[in-house]
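Quick notes on the structure that follows.
Numbering (my numbering), first residue to last: 99 to 223.
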């Protein structure tokens, strides 16, 4: 019993750490320049908006040679988030699951969503 109680904080810390996005991995696609990579991001977002994704955002500029886009899809008790980045002409991506039941900071819970102002604002439009 005591061993179980001692291990519990480690499990909580491990589940919170698992929510951190992974590092970007280079994609197989290659582009001649940043403009071609940007066009590819636009196609990814257009395809996602025509499919069953919950959200598709971008492309948007983070810095002079850093353009990104995101897609989000419901998955289990959370969302699968895929982020695409063009660093000049180099395309890379990463994907992770953000689970609402594994959040250690309490940012997402049934209680916090029930009182969320943005949720009410969206239903009025």
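The beta carbon of each residue, even a glycine, is placed where N, CA and C say it ideally should be.
query	result
Cutoff 6 Å; reference residue 149; Cβ partners in own chain excluding five residues on either side	none
Limits of the unbroken alpha helix (DSSP H) element including residue 140	132–147
Supposed contact pair residue 183 and residue 164 - C-beta distance, whole angstroms, cut 8 Å	7 Å
Residues near residue 122 by beta carbon distance below 7 Å, same chain, minus five either side	183, 190, 191 and 192
Span of the beta strand (DSSP E) around residue 179	176–185
Through-space distance from residue 180 to residue 172, alpha-carbon basis	12 Å
Residue 166 versus 176, 151 and 186, residue with shortest Cα-Cα distance	186
Inter-residue Cα distance where the pair is residue 159 and residue 120	20 Å
Cα-Cα separation between residue 118 and residue 154, rounded to whole angstroms	20 Å
Exposure of residue 156, with buried meaning 16 or more beta-carbon neighbours within 10 Å	buried
Rounded C-alpha distance that separates residue 127 from residue 141	13 Å
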